[in-house]
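Residues 1 to 170 (full-length UniProt numbering) are what the sequence shown spells out, left to right. In this text, a Cβ means the ideal position worked out from N, Cα and C, and glycines have one as well.
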Amino acid sequence: MTVSSELTPPATASEPTPPVPAAEPAPPAGAFDRIAPRLHHYGLGMLRAGLGGVFVWFGVLKVIGLSPAAALVVAVLPFPAGDWFVPALGWAEVALGLWLVSGRARAAALPVLAAHLCGTFAVLVLTPSVAFAHSNPLLLTLVGEFVVKNVVLLAGAVVVLTHPRRTGEH
């Protein structure tokens, strides 16, 4: 049987393929590396419960008229607030907290929570004398610290609400 030269590739002088170096063995996993995935899983649940709990707690304080932040809320509003406003805000915070804990409709919850938390930053812009000591943006007052900590709440909400679900989760 004859093989046609059209089917046989021409012989070329190619450089030899360099040998692939052997991979170094991975170092043995330490105790932390072995438990970190489980801690991460439980930590996400704790973060969800903690964030939701804070929203519910602060909201209930507004509803029952015992929130130390109520006067601040009213002082920052660009419109006159009736006696109904702070309790209504409290009920909204309770609902947000329960929504966060439930884990349902996460795509809708994230912008609502973000808008609420970003709204708290109005204190820094509308009443800076309350948030900053001596008009220095690096010297926060107690109110300023209360407001700025919402950066952490917002970051936590983003982590919890955007974490991919595993099958079986709702």
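- Distance from the Cα of Gly45 is smallest, within the candidate group Ala108, Ser129 and Val101, for Val101.
- According to DSSP, Phe132 shares a beta bridge with Leu140.
- Runs of alpha helix (DSSP H) with 4 or more residues, each lying fully within the region 26–101, are found at 31–63 and 70–76, listed in chain order.
- Under the three-state reduction of DSSP output, Gly156 falls in the helix class.
- Residue state for Arg106 is assigned as helix, using DSSP reduced to three classes.
- Here the alpha carbon of Asn136 sits roughly 26 Å from the alpha carbon of His116.
- In the assembly as shown, Val20 is an exposed residue. Its beta-carbon has fewer than 16 other beta-carbons within 10 Å.
- DSSP places Val20 outside any alpha helix (DSSP H), giving it a letter other than H or E.
- Contact check for Leu47 against Val159 passes: the beta carbons are separated by less than 8 Å.
- A straight line joining the alpha-carbon of Cys118 with that of Asn150 spans about 8 Å.
- Annotated three-state conformation of Thr162 is helix, per DSSP.
- When rounded, the separation of the alpha-carbon atoms in Leu98 and Gly52 is 6 Å.
- When the alpha-carbon of Ala108 is set against those of Gly30, Leu161 and His41, the nearest one is in Leu161.
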